[in-house]
Amino acid sequence: MSETIRQKLNGLSAVERLKATDKYLTEMRGILASMDEIAALRKQRGQAVSDEFGGYKRSTVEDFIRELEKQKEGILAEIAKEEEKRATAAPVPKEAAAPAVKEDSLAYKKDDTAVVSFRKGDPSLAIESMYTGLSMDIEKMRDDILQEMKYTYKQDMAIYDDLSAKIDAIKGTDVSALEETLKPLGENISAVSGSLTALDEKLNALQPVDYDQLAERVASKMVSGIDYEALAQHIVGIMTGGMAGAAAGAAVAGAGERSMQELEKKIDGIKSALDGAISVKQMPEFRKLDTLISEYLRTLSYDMIPDLLIT
């Protein structure tokens, strides 16, 4: 970049070079100030120190500023020497003025502008002026980019600070509220866990059902409730088939009828007991007993009475 500046300043007077150097110094110092501002924002956010600023290095800008300042000192010294020479030089007698050159002459003059020089057939000044203008446009564009970067960085930092503050506020509130909400839930879970443990212990403590023992208990209750004496008398009366007179027949008939009624009542009781023992009643032995009792009630035949009731 410094070599480009020297090429631009070549061919200019000391005063013109001084003005151009001051302009470049002003622009570079503005860029350096923008970099300092961005660095301060980075430091505020706790970010790492970096020499990079959007593709530009701070050290390069600082070196360029030092070189421009040195160049400015040299130009100022050159101007001072020229003024000193003019002051000490002897007055030169004024020569007769040369005849004025017409404007349309093709002779080159030192004070020709770029346009006049181009018209006279020398495009060098015009090209140099175009290059100078283009270079200034590039420098301005770089400065605009840096300003835009600085603005965008500030905006991003403001958004980040706002979000950080909101997140910090949410953390403190939500964690405490969440802990209070989950506390009773944890207590309920502990209570349910204790209930499940107790239920598991009770289930493990249950003894399996002894169906044989249950069947024996039901059978003992059924057999113990039968009036064997009345049943034997009734059976003997049927087997003898004889009657000792009308009175004896009537007595036997009455006793038989009473025995039948009592037997039917007892059988009804047995049937009710069997209906209550659902699981036991499903066993093959009790199914057979139900069939025999049902057949007896249908035919009223003592031949269908099970052996269990007459032995």
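So the sequence shown is residues 1495 to 1805, counted in our numbering.
Glycine included, each C-beta is placed from N, C-alpha and C at the ideal position.
Please read all numbers here as calculations on a predicted model, not as lab measurements.
Go to residue i, then tell me how far its alpha helix (DSSP H) extends in each direction, as first and last residue.
i, result
"residue 1530", "1508-1538"
"residue 1555", "1552-1582"
Looking only at C-alpha atoms, which of the options sits nearest to residue i?
i, options, result
"residue 1573", "1519, 1557, 1524, 1506", "1506"
"residue 1512", "1567, 1758, 1761", "1567"
"residue 1530", "1518, 1575, 1545, 1517", "1545"
"residue 1558", "1516, 1536, 1582", "1516"
"residue 1570", "1579, 1509, 1663", "1509"
"residue 1520", "1560, 1578, 1682", "1560"
"residue 1534", "1684, 1752, 1754, 1647", "1647"
"residue 1645", "1684, 1760, 1695, 1547", "1547"
"residue 1553", "1760, 1577, 1575, 1522", "1522"
"residue 1637", "1755, 1751, 1754, 1550", "1550"
Run the CB neighbour count on residue i, radius 10 Å, all protein chains shown included, and call it buried at 16 or more, exposed below.
i, result
"residue 1525", "buried"
"residue 1885", "Given that the chain is displayed from residue 1495 to residue 1805, the structure contains no residue 1885 and the question cannot be resolved."
"residue 1562", "buried"
"residue 1518", "buried"
"residue 1581", "exposed"
"residue 1528", "buried"
"residue 1649", "exposed"
"residue 1538", "exposed"
"residue 1532", "buried"
"residue 1641", "exposed"
"residue 1540", "exposed"
"residue 1543", "exposed"
"residue 1693", "exposed"
"residue 1514", "buried"
"residue 1679", "exposed"
"residue 1565", "buried"
"residue 1555", "buried"
"residue 1731", "buried"
"residue 1657", "exposed"
"residue 1757", "buried"
"residue 1739", "At residue 1739 the pLDDT is 44, less than 50, meaning the model places this residue with poor confidence; the figure from the coordinates comes in the next sentence. Looking at its Cβ environment, which holds fewer than 16 other Cβ atoms inside 10 Å, residue 1739 is exposed."
"residue 1495", "Confidence in residue 1495 is poor, its pLDDT being 46 and thus under 50, which makes the residue's placement unreliable; the coordinate value appears in the next sentence. Exposed, by the Cβ-count rule."
"residue 1595", "For residue 1595, the pLDDT reaches just 49, beneath the cut-off of 50, and the residue's location in the model is therefore unreliable, although a value from the coordinates is still provided. Counting Cβ neighbours within 10 Å, residue 1595 comes out exposed, since fewer than 16 surround it."
Quick one: what does DSSP say residue i is sitting in, helix, strand or coil?
i, result
"residue 1736", "Note that residue 1736 scores a pLDDT of 48, beneath 50, so its modelled location is shaky and nothing firm can be said."
"residue 1741", "Caution is warranted here: a pLDDT of 47 is assigned to residue 1741, below 50, making its placement in the model unreliable, and the coordinate value is therefore given only provisionally. Three-state result, residue 1741: helix."
State yes or no: is the beta carbon of residue i nearer than 8 Å to at least one beta carbon in chain C?
i, result
"residue 1646", "The structure shown contains no chain C, having only a single protein chain."
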